[in-house]
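Here is the structure we will look at, set down as structure tokens.
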């Protein structure tokens, strides 16, 4: 009897090689990059771009935000907005130049206090006021007008401080140096506010309390002359 032949299964084909997808993906990426580059070099049609942008917004729009960001309800630190002001160094140069060019302003000094970050314009009382009074003299009004021209356009905070010498004053109008000092500070500050400078401007006086803080190298006559002054303090902030 003839032997039966065993059936042999046909060979199975190997799975296709998908390595070509890597090359294809690289090619597509390069093409997209190339067309984006060409588009960026082309002048954009605003109307067409608005249509395209609107289409994308409609497709990818999210009706409700996934995460709602709310401010911290337990925040206790007050927010401070830093507002720039006119630079004090530039203002100092302007005022010193005005004083140097005008002999009627002789005696006015400008000092930069870097500890308190202020500019102190010191005006002698004998330049501003009539003797032993708080009424501005003609020279005093002129000096104030010249200073106001330099201060008119600034936004910085101002303060007026009056000083006196240690000799006691006794009159019906000014019983002590405190009344004389505050009256002089008010006279200068009121002229500044009437000129439209930013206010409110506080008026204060140290009277003769800071007389001993004058430069020790000064003679007593120089200290007395220096003590009789009104200071316009310009702060480095609005």
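In our numbering, the protein residues as written are 4 to 241. All C-beta atoms in this analysis are idealised placements derived from N, C-alpha and C, irrespective of residue type, glycine included.
In the three-state DSSP reduction, residue 155 falls in the coil class, being neither helix nor strand. Taking all protein chains in view, the Cβ of residue 137 is crowded by 16 or more other Cβ atoms within 10 Å, so the residue is classified as buried. In the three-state scheme derived from DSSP, where H, G and I count as helix and E and B as strand, residue 207 is classed as strand. Less than 8 Å divides the Cβ of residue 113 from the Cβ of residue 95. Residue 99 and residue 135 have their C-alpha atoms roughly 28 Å apart. Comparing alpha carbon positions, the residue from 43, 109 and 173 closest to residue 131 is 109.
Per DSSP, residue 98 lies in no beta strand (DSSP E); the unbroken alpha helix (DSSP H) holding it starts and ends at 91-104. Residues 107 of the same chain have their beta carbon placed closer than 8 Å to that of residue 145, with the five preceding and five following residues left out of the count. Bounds of the alpha helix (DSSP H) holding residue 225 are 223-230.
Within the model, the alpha-carbon separation for residue 191 versus residue 197 is close to 10 Å.
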